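See structure below.
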Amino acid sequence: MNLNVQALGAQALNILNKQKAVVAIAIIFIVMIFPDTNFYTAGNFSNLLEAVSTNAIIAFGVTLAVICKGCDLSVGSVMVMAGIIAIMLLNSGMNMALAIILAILSGSVVGFINGFLIVHQKSEAFIITLGMGMLVQGIALLLSNARHVSASDPNFQRIANDNWFGIPNIAAFMIVFGVLVFLLLRFTSFGRNLYALGGDYEVAEHSGINVLRTKWLAFVLTGTFAAVAGVLAASRFNTGIPIAGVDIPLMVNCGVVIGGTSFAGGVGGVPQSFIGIFVIFLLRNAMSMIGIHPNVQMLVLGIMIVAIISLDCFAIKRKKEAV
Amino acid sequence: MTKQLTQERSKFVDFLLEYLVLFVIVGLVIVTAIVEPAFLSQRNFTNLMRQFGALSFVALGMTFIIMGGFIDLSVPGMISIIAMVTLSLVDIIGEIPAMMIGLLLGTMLGTLNGSLLVNVGANTQAKALFITFGMSQIYRALALILTGGFSMNWGTLFAHPMPVTRALGSGMWGPLSISFWLFIFFLVVLYIFQSKTFLGRAITYTGGNLTAAELGGIPTKRIVIFIYALGGFMVAVGSIVLFSRVSVTVPAIGDFFERDAIMAVVIGGTSLLGGKGSVIRTFMGVALVILMSNCMNLLGVQTHVQEVVRGIILVLAIWLDHRRHARG
Chain Z
813 MNLNVQALGA QALNILNKQK AVVAIAIIFI VMIFPDTNFY TAGNFSNLLE AVSTNAIIAF
873 GVTLAVICKG CDLSVGSVMV MAGIIAIMLL NSGMNMALAI ILAILSGSVV GFINGFLIVH
933 QKSEAFIITL GMGMLVQGIA LLLSNARHVS ASDPNFQRIA NDNWFGIPNI AAFMIVFGVL
993 VFLLLRFTSF GRNLYALGGD YEVAEHSGIN VLRTKWLAFV LTGTFAAVAG VLAASRFNTG
1053 IPIAGVDIPL MVNCGVVIGG TSFAGGVGGV PQSFIGIFVI FLLRNAMSMI GIHPNVQMLV
1113 LGIMIVAIIS LDCFAIKRKK EAV
Chain P
4 MTKQLTQERS KFVDFLLEYL VLFVIVGLVI VTAIVEPAFL SQRNFTNLMR QFGALSFVAL
64 GMTFIIMGGF IDLSVPGMIS IIAMVTLSLV DIIGEIPAMM IGLLLGTMLG TLNGSLLVNV
124 GANTQAKALF ITFGMSQIYR ALALILTGGF SMNWGTLFAH PMPVTRALGS GMWGPLSISF
184 WLFIFFLVVL YIFQSKTFLG RAITYTGGNL TAAELGGIPT KRIVIFIYAL GGFMVAVGSI
244 VLFSRVSVTV PAIGDFFERD AIMAVVIGGT SLLGGKGSVI RTFMGVALVI LMSNCMNLLG
304 VQTHVQEVVR GIILVLAIWL DHRRHARG
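As you go down the protein sequences, you meet chains Z and P in turn.
Heads up: the first sequence begins at 813 in the working numbering, then just goes up one per residue.
Heads up: the second sequence begins at 4 in the working numbering, then just goes up one per residue.
So, in structure tokens, the structure goes:
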């Protein structure tokens, strides 16, 4: 029993050591005590949580892609397209559940095509998903005629905006999906295989893992999660905005890496990704609260992205040199 | 006999695939000319030439970066900050010196990108992609902070008459526009550089196999910094041509240029895997990208359908590229 506690403590220290983002979060929280702002209010935290939620759901999907040494830059466009499809199907008089399921399936289809091109045809993940992102963005613009679309059914708005025992629904969804992916990675053979083939593709292939199917499925899931986030975001604002997804893919992929899921593949997980996304949004929120100009915020975020990815590269380089 | 036949055919197919872009251009020109005769008019030709403008210069620089096995997403931020700095300096130090400073700034920012990548050990395209994206955010933010987010209009804002800018933007010399002459100049110089100099060959080797090039005694780190510096210089040229043409410059002026430049380079047939490519191919790629939008406009294709078509063509081009080079 005692040993168990000690082991847990050691594990926690180890995680903290790897998780520099946690330190960043702690620093932000401490710094925010001093200026007189609305940072420490329930309203702000629930706002923050809602803003994080959709991005975190995308990040859970992207985590799967990054673990198997890929990445997905089409998620922003997929998210936007799914939201628009859901709202347009709903407005055409379709049953809400069916409309949402079809919208989410559209994301799976994009993920399936991504998977085909990356896994089966061996294209480079980041560039082909960049291209797919453009393609899907075009579809979103075409469908919506480049206008904002709003759902006429008031019930659609309630999916994300209702509360569930005091927790905003959208945050509850995030928790559910987070737990789902966490369990998937930890307790299924799919999850184990994913880590294995991210660590070393050849070795995984030779040890009899069906690498094609596993990696392919990872990309399908990434697309699906992006679509789920898209439906929730559309429901949150009751609007599908065709150009809302431009900044998201690189931001989310960077967030995942900030959390500690490395591009080297084979490491990372759901909690890390959540922390990575959370630190980006917390920083934004804190900067807005102090009243920093948006242009300067952009500068700070840019510097943070460059610094964190550079550190990741540097760590990989060091590890290689050490071997 | 049969074997020979199949070999002949595969050679033909190879040739077709290798110069696919040329056939597509010819096909596109013929179809559009038949459906819409206005396509062949002098006015449309002038129009097409002007559209070559900024994109072609950026794409020429991007060719070397991609040939070296890397990628540069910092183009939008760089275009924006170079245009803003150059225009702000015009009234202080005059037109030509301001442009020189712009070119210098582009080269410096490119060098900064390159040295950052080399020093942190970002030796793959994916890592370079994210770091240069972050750099783009930084440059764009700096441009916004410097100008306060206002747009600039050289046509009315400045006390100086700006003959060089005007000439670059709309001047003609003989049958071609001045910016197109400039493009031809850079195309020839860079082609000679790429095929006849040691440095040009070394870039190709570096892109083909980084480790082998390093073991073979090529200073790969300096090569990477050099290709980014060259890319930065070409972005600066593109930026100056761009603000000359549009006259009103907003901080978001460079948006999507990285995307279109990468698309032009890849469609031209320069491999994203590095080590294979040519500026001549990029010329064809740019021509196809510009012709495509021109033809679709003339044929009355809806804007958003054009976007989808462009996306499909980009995905197809990348896919074909990987099929051709990954297995060959």
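Ideal Cβ positions, reconstructed from N, Cα and C, are used throughout, including at glycine.
Quantities reported herein were computed from a predicted structural model and do not represent experimental measurements.
- When P:L58, P:T135, P:V123, P:Y194 are compared, the shortest CA-CA separation from L245 (chain P) is found for P:L58.
- Annotation: the region 990 to 1078 of chain Z contains the following complete segments of the alpha helix (DSSP H) (minimum length 4 residues), in chain order: 1001 to 1011, 1013 to 1018, 1023 to 1049, 1060 to 1071.
- At a cut-off of 9 Å between beta carbons, T214 (chain P) makes no contact with chain Z.
- Sequence-ordered contacts of the region 30 to 50 of chain P with chain Z are nonexistent [C-beta pairs closer than 8 Å].
- Contact between M65 (chain P) and D75 (chain P) is confirmed by a C-beta separation of about 6 Å, below the 8 Å threshold.
- Non-local C-beta neighbours of S1085 (chain Z) in its own chain, meaning closer than 8 Å and more than five positions away in sequence, comprise A868, A871, F872, V874, T875, G1067, V1068, G1071, T1073, ordered along the chain.
- T209 (chain P) is positioned such that its CB atom lies no closer than 9 Å to that of G314 (chain P).
- Identification of residues in the region 1019 to 1046 of chain Z having a C-beta nearer than 9 Å to some C-beta of chain P yields an empty set.
- Taking a 10 Å sphere around the C-beta of G80 (chain P), we find 16 or more other C-beta atoms and assign the residue as buried.
- Interface criterion not met: the Cβ of M111 (chain P) is under 9 Å from no Cβ in chain Z.
- I134 (chain P) and V1118 (chain Z) do touch by the CB rule: their CB atoms are close to 6 Å apart, below 8 Å.
- Using a Cβ distance threshold of 9 Å, G158 (chain P) and V251 (chain P) count as a contacting pair.
- For S1085 (chain Z), the uninterrupted alpha helix (DSSP H) segment begins and ends at 1082 to 1102.
- By the Cβ test, the region 938 to 947 of chain Z is in contact with the region 885 to 898 of chain Z, since at least three Cβ pairs between them sit closer than 8 Å.
- In this structure the region 908 to 924 of chain Z lies against the region 1035 to 1047 of chain Z, because at least three pairs of beta carbons, one per stretch, are closer than 8 Å.
- A direct Cα-to-Cα measurement between L947 (chain Z) and A1030 (chain Z) gives close to 21 Å.
- Taking 9 Å as the cut-off, the beta carbon of A131 (chain P) is found no closer than this to the beta carbon of T285 (chain P).
- Comparing alpha-carbon positions, the option among Z:K1131, Z:R1096, Z:M906 lying closest to I837 (chain Z) turns out to be Z:R1096.
- The beta-carbon of E310 (chain P) is placed less than 9 Å from the nearest beta-carbon of chain Z.
- In this structure, the beta-carbon distance from M1063 (chain Z) to L147 (chain P) does not fall below 9 Å.
- Residues of chain Z with a Cβ closer than 9 Å to the Cβ of W322 (chain P) are, in chain order, L929, Q933, S935, I940, G943.
- DSSP, reduced to helix, strand and coil, places V890 (chain Z) within a helical segment of the structure shown.
- Of the residues Z:M893, Z:A984, Z:N926, Z:G978, the one whose Cα lies closest to the Cα of A958 (chain Z) is Z:M893.
- Contact of K832 (chain Z) with chain P by beta-carbon distance below 9 Å is absent, the smallest such distance being about 16 Å.
- For M1110 (chain Z), at least one C-beta of chain P is nearer than 9 Å to its own C-beta.
- In this structure, DSSP gives N867 (chain Z) a helical state, which the three-state scheme calls helix.
- Between the region 31 to 38 of chain P and the region 182 to 192 of chain P there are fewer than three inter-stretch CB-CB distances shorter than 8 Å, so the stretches are not counted as touching.
- Within the same chain, and ignoring the five residues on either side of L179 (chain P) in sequence, the residues whose Cβ sits closer than 7 Å to its Cβ are M52.
- About 5 Å separates the Cβ atoms of I982 (chain Z) and E862 (chain Z), confirming a contact at the 8 Å cut-off.
- At a cut-off of 9 Å between C-beta atoms, G1080 (chain Z) does not count as an interface residue with respect to chain P.
- Interface flag for A144 (chain P) against chain Z is set, since a Cβ pair is found closer than 9 Å.
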